[in-house]
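Sequential numbering of the sequence shown, starting at 57, is according to this note's numbering. Cβ coordinates follow ideal geometry from the N, Cα and C atoms, glycine included.
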Amino acid sequence: MEFSIKTCLLLIGILLTGLTAGLSFTWSNAITPGVGKLDDFTFLQSFQAMNRAIINPSFLIVFFSPAVLLFINAFLFKNSPAFWSFLIAAVLFFIGVGWVTVFKNVPLNELLDKTVLETATKVELADLRKTFEQPWNRWHMLRTVCSFASFIALLIGFIYHK
57 MEFSIKTCLL
67 LIGILLTGLT
77 AGLSFTWSNA
87 ITPGVGKLDD
97 FTFLQSFQAM
107 NRAIINPSFL
117 IVFFSPAVLL
127 FINAFLFKNS
137 PAFWSFLIAA
147 VLFFIGVGWV
157 TVFKNVPLNE
167 LLDKTVLETA
177 TKVELADLRK
187 TFEQPWNRWH
197 MLRTVCSFAS
207 FIALLIGFIY
217 HK
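As structure tokens, then:
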């Protein structure tokens, strides 16, 4: 395998996509089921705290860089047998992770973030949880599946790239 800028960008794309898939998997399989067992106030408070903590430079780089980088990879390998695999990975990640995050999960996070939980009644907390939890988890499961499918497409493309 020839080591070049092209190969380096490909490996970075694979790494960042794999990290995102791993984060999504962990969130789906440990975090949401765990906090899902909490009472409404504690669940909402925990999710608020996690949503606030996760917005940091390392997360933003790992989570959003593949949305652009994978299209660059597809373009760089446009004459390779792996082109379609890389393009599919890029589209899956862009729509299934990037678009879903920005237009589905983030608005739910913002709704939760602007709520002062300590002054909400039990009924308001239950209503907020009902509005937030199931839709957020459903959209996040789509992100998990798409990030893994993108990662797999990248690995397949890596095997066949030239």
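(request) Can you tell me which of the three DSSP states V179 falls into? (result) Locating residue 179 in the sequence shown gives position 123, where the first residue counts as 1. Three-state DSSP puts V179 in a helix.
(request) Following the continuous alpha helix (DSSP H) through A138, name the residue where it begins and the one where it ends. (result) On the sequence shown, residue 138 is found 82 positions in, with the first residue counted as 1. Element bounds for A138: n/a, residue is neither H nor E.
(request) Report yes if the C-beta distance between F149 and C202 is below 9 Å; otherwise report no. (result) The residue you call residue 149 lines up with position 93 of the sequence shown. The residue you call residue 202 lines up with position 146 of the sequence shown. Yes, they are a contact pair.
(message) Nearest by alpha-carbon distance to G74: which of V162, L94 and A123 is it?
(response) For the purposes of this step, residue 74 is taken as residue 18 along the sequence shown, with counting starting at 1. It is A123.
(request) Examine chain D for any beta-carbon lying closer than 9 Å to the beta-carbon of M197, and answer yes or no. (result) Although the question refers to chain D, the structure presented lacks it and comprises just one protein chain.
(message) For T88, tell me which candidate among R108, R194, K170 and D169 has the shortest Cα-Cα distance.
(response) For the purposes of this step, residue 88 is taken as the residue at position 32 of the sequence shown. Considering only alpha carbons, the answer is R194.
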